[in-house]
Structure formats: C-alpha cells, structure tokens
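Each residue of the sequence shown is one higher than the one before, starting from 1 at the first, in the working numbering.
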Amino acid sequence: MEGTEQWKVQVEQLKVQMEQWLERGLEFVHQIPPIQLYVGVGVLLFTTLLLLLTRLFKRRKSNTIVLSGLSGSGKTILFYQLRDGSSHQGTVTSMEPNEGTFVLHSEIAKKDKLKPVHLVDVPGHSRLRAKLDDFLPQAAGVVFVVDALDFLPNCRAASEYLYDILTNASVVKKKIPVLILCNKTDKVTAHTKEFINRQMEKEIDKLRVSRSAISTADISNDFTLGIPGKAFSFTQCYNKVAVAEASGLTGEVSEVEQFIRENVKF
Ligand SMILES: Nc1nc2c(ncn2[C@@H]2O[C@H](COP(=O)(O)OP(=O)(O)OP(=O)(O)O)[C@@H](O)[C@H]2O)c(=O)[nH]1
Ligand SMILES: [Mg+2]
Numbered sequence: 001m002e003g004t005e006q007w008k009v010q011v012e013q014l015k016v017q018m019e020q021w022l023e024r025g026l027e028f029v030h031q032i033p034p035i036q037l038y039v040g041v042g043v044l045l046f047t048t049l050l051l052l053l054t055r056l057f058k059r060r061k062s063n064t065i066v067l068s069g070l071s072g073s074g075k076t077i078l079f080y081q082l083r084d085g086s087s088h089q090g091t092v093t094s095m096e097p098n099e100g101t102f103v104l105h106s107e108i109a110k111k112d113k114l115k116p117v118h119l120v121d122v123p124g125h126s127r128l129r130a131k132l133d134d135f136l137p138q139a140a141g142v143v144f145v146v147d148a149l150d151f152l153p154n155c156r157a158a159s160e161y162l163y164d165i166l167t168n169a170s171v172v173k174k175k176i177p178v179l180i181l182c183n184k185t186d187k188v189t190a191h192t193k194e195f196i197n198r199q200m201e202k203e204i205d206k207l208r209v210s211r212s213a214i215s216t217a218d219i220s221n222d223f224t225l226g227i228p229g230k231a232f233s234f235t236q237c238y239n240k241v242a243v244a245e246a247s248g249l250t251g252e253v254s255e256v257e258q259f260i261r262e263n264v265k266f
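In structure tokens, the structure reads:
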C-alpha cells in the first residue's frame with residue numbers, strides 16, 4: 001500500500017513540473033516575434049520534406065548480375081548451379097535470356113537474411129546478344145564466362161565480345177565490375193586463368209588498334225580502352241576487371257558466388 005501511495009505522489013509531482021515547463025515554454029514562444037516563429041516552422045517543414053523526398057528518390061541499389069559469354073561457354077549450367085545447386089545436365093543453346101530472382105543456393109541455409117540476386121543469363125549467339133543492352137544499364141556486375149577447355153579457337157571471338165562489354169557506355173560510366181570466369185576447370189586440359197587473362201589482353205590490344213581505325217571513319221561514341229601507346233592490360237580499365245575459375249558441371253562456383261555477394265549487398 002505504502003509503495004503505491006508514494007508512487008502516486010511522485011506522479012503528481014511530475015505532472016506539476018510538466019505543467020510548469022509547458023507554461024514557461026508558451027511564455028517563451030509568445031515573446032518571439034511572429035515572423036521569426038513562422039520562418040522557424042517553415043524551415044523545419046522544408047527540411048523534413050526534403051529529407052523525405054531524398055529518401056524516396058534515392059535509387060535503390062541494383063541486385064542484377066548478368067551472365068555473358070560465347071555460346072557454349074556454360075552460362076546456363078552456371079545459372080542453374082547458382083540457383084539450385086545442380087547443373088540440370090543437358091542444356092541446349094539458349095534462345096531466350098534466362099532470368100530469376102533468388103537467394104543463392106549455397107546461402108539458403110545461412111541464418112542472416114540475404115538479399116535475393118536477380119541473375120540474368122544472356123544467350124551467347126551473336127544475334128541474341130543485343131539483349132545484353134537491356135540488362136547492362138541496371139547491372140551491379142557482369143560475369144563473362146569463358147570456355148577454358150576450348151579456349152584457343154574461341155579466343156578472338158571471346159575477346160571481341162568482351163571488348164564490346166568493356167567499352168559499353170553503362171559499364172564505363174557506372175564502373176560496373178566485370179569478372180572473367182574461366183569455366184570447365186574440372187577437366188585437366190583446361191587452360192589456367194593466368195593464361196586466359198594474358199591471351200585476352202593481347203587480343204584486345206590488337207582489337208584496340210583495328211577498332212579505333214574504324215571509329216575515326218564512321219562508328220564513334222565508343223569508349224576507348226587502355227592507354228594509347230601502352231600494351232593493354234585489364235588494370236587500365238576504369239571499372240574493376242578480375243579473373244576467376246569455375247566448373248558449372250561439378251558445382252565449383254564459390255568464386256562467382258563471392259563476386260556476386262561483393263556486388264549485391266543489402
Ligand atoms: N566439362 C564441363 N563442361 C561444361 C561445363 N559447363 C558447361 N559445360 C558444357 O558446355 C555445354 C554448354 O553449356 P551451356 O550452359 O548450355 O552453355 P551456354 O553458355 O548457356 O550457351 P548458350 O546458351 O548457347 O549461350 C554443355 O554441353 C555443358 O555440358 C563445365 O564446367 N565443365
Ligand atoms: Mg545457355
């Protein structure tokens with residue numbers, strides 16, 4: 001009983017104190033010239049509105065990762081491997097982009113909620129590659145898949161495709177990171193990523209000369225690559241270009257997963 005009495009008294013005291021403060025506050029407000037008051041309230045409203053608007057219009061960070069590369073390099077198998085943890089053996093040449101938004105298979109068991117990734121697998125056939133332009137502007141990262149097994153005959157074509165990506169306006173302006181993924185490393189005859197990296201740099205160096213010769217004639221607004229007069233190296237790109245290895249067939253995809261997570265955050 002005594003406890004509740006004491007508590008009541010304390011509440012009463014607090015009430016009185018509050019009323020006093022309120023009175024003093026009102027007195028103070030009355031002392032301020034009305035114009036100053038209006039200006040003050042106006043500024044307060046304006047700043048809250050501005051804060052709300054910037055919140056609203058602040059662009060959400062993209063979660064799109066694009067899988068690109070020549071036909072037969074293994075994009076579709078990688079897509080299924082990342083989504084389901086299995087290769088769905090026996091894929092055929094894709095005619096349509098393969099799209100999906102999901103939490104990576106290897107991360108499903110993780111406790112902390114991870115942001116789903118929007119993964120797009122763009123067919124490698126030259127006539128279907130135009131689709132890439134629809135996805136690059138919103139990409140958080142590009143995975144360029146290379147067939148490490150059958151690399152040499154495809155080196156030129158793959159380098160041309162990569163050149164187009166590295167000089168794409170969105171990739172250059174937004175500095176979209178690119179991962180060159182040497183796939184099919186489950187086979188012992190697969191080339192190493194160091195070798196593929198070197199060969200592609202050499203090939204792009206040659207392309208740089210021939211392409212810039214064309215661009216002076218007609219096709220321009222292409223971004224140029226590298227430093228004039230210096231041998232081309234991926235380190236000269238404004239965006240990050242890295243090399244990694246994978247095997248879509250056996251499910252060795254940890255390096256791609258790491259790349260995806262580095263670029264798709266909460
Ligand atoms: N040994 C081996 N073969 C692979 C690997 N990944 C893909 N392949 C084979 O390569 C072939 C092409 O794989 P896809 O995933 O269909 O190739 P893609 O890049 O989607 O090709 P397009 O859809 O035509 O652009 C298939 O026969 C696969 O079995 C791998 O990691 N190791
Ligand atoms: Mg495919």
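We put the beta carbon where it would ideally sit given N, CA and C, even for glycine. Computed from a predicted structure; not experimentally measured.
Whole-Å CB distance - residue i paired with residue j, under 8 Å assumed
{"i": "L179", "j": "V122", "result": "With a Cβ gap of about 15 Å, L179 and V122 do not count as contacting."}
{"i": "E203", "j": "R156", "result": "6 Å"}
{"i": "A244", "j": "F259", "result": "7 Å"}
{"i": "K194", "j": "L82", "result": "The sequence shown places Glu at residue 194, rather than the Lys named in the question. So it is not a contact: roughly 25 Å between Cβ atoms."}
{"i": "K265", "j": "K61", "result": "7 Å"}
Cβ-based burial, residue i [other Cβ within 10 Å; buried from 16]
{"i": "V241", "result": "buried"}
{"i": "H30", "result": "exposed"}
{"i": "T54", "result": "exposed"}
{"i": "L70", "result": "buried"}
{"i": "S220", "result": "Because the pLDDT of S220 is 45, which lies under 50, any placement of that residue in the model is unreliable, and the number read from its coordinates should be weighed accordingly. Per the 10 Å Cβ criterion, exposed."}
{"i": "Q17", "result": "exposed"}
{"i": "T118", "result": "One detail in the question is off: residue 118 reads as His in this sequence, not Thr. Its Cβ being crowded by 16 or more others within 10 Å, H118 is buried."}
{"i": "S210", "result": "exposed"}
{"i": "Q236", "result": "exposed"}
{"i": "Q6", "result": "exposed"}
{"i": "F151", "result": "buried"}
{"i": "I77", "result": "buried"}
{"i": "S126", "result": "exposed"}
{"i": "K75", "result": "buried"}
{"i": "G40", "result": "exposed"}
{"i": "L50", "result": "exposed"}
Close Cβ partners of residue i (< 7 Å) along its chain, the five nearest in sequence each way excluded
{"i": "D205", "result": "A231, F232"}
{"i": "A148", "result": "C182, N183, K184, T185, A190, H191, I196"}
{"i": "L45", "result": "none"}
{"i": "N154", "result": "L70, D147"}
{"i": "E255", "result": "A244, E245, A246"}
Same chain, Cβ closer than 8 Å to residue i, neighbours up to 5 away in sequence not counted
{"i": "N263", "result": "I65, A140, G141, P177"}
{"i": "L136", "result": "V66, V142, I165, N168, S170, V171, I176"}
{"i": "S247", "result": "N183, K184, T185, D186, V253"}
{"i": "L207", "result": "S159, E160, Y163"}
{"i": "Y238", "result": "V172, K175"}
{"i": "F79", "result": "L67, N98, G100, L119, D121"}
{"i": "L225", "result": "Y163, L166, T167, I204, R208, F232, Q236, C237"}
{"i": "T48", "result": "none"}
Distance cut-off 7 Å: residue i Cβ against heavy atoms of ligand 2
{"i": "K174", "result": "no"}
{"i": "S247", "result": "no"}
{"i": "S94", "result": "yes"}
{"i": "D147", "result": "no"}
{"i": "K193", "result": "no"}
{"i": "D164", "result": "no"}
{"i": "K75", "result": "yes"}
{"i": "D150", "result": "no"}
{"i": "D205", "result": "no"}
{"i": "D84", "result": "no"}
Bridge partners - residue i, DSSP secondary structure assignment
{"i": "N98", "result": "D121"}
{"i": "T64", "result": "H118, A139"}
{"i": "E252", "result": "S247"}
{"i": "G40", "result": "BP columns for G40 are empty, so no partner."}
{"i": "L179", "result": "V143, A242"}
{"i": "G69", "result": "V145"}
Proximal residues to residue i (C-beta, below 6 Å), its chain only, five neighbours per side dropped
{"i": "M200", "result": "S159"}
{"i": "V92", "result": "none"}
{"i": "L249", "result": "S87, D186"}
{"i": "F223", "result": "T167, V172"}
{"i": "P116", "result": "T101, F102, V103"}
heavy atom of ligand 1 below 7 Å from residue i C-beta
{"i": "N168", "result": "no"}
{"i": "T189", "result": "no"}
{"i": "I196", "result": "no"}
{"i": "I180", "result": "no"}
{"i": "D133", "result": "no"}
{"i": "H125", "result": "yes"}
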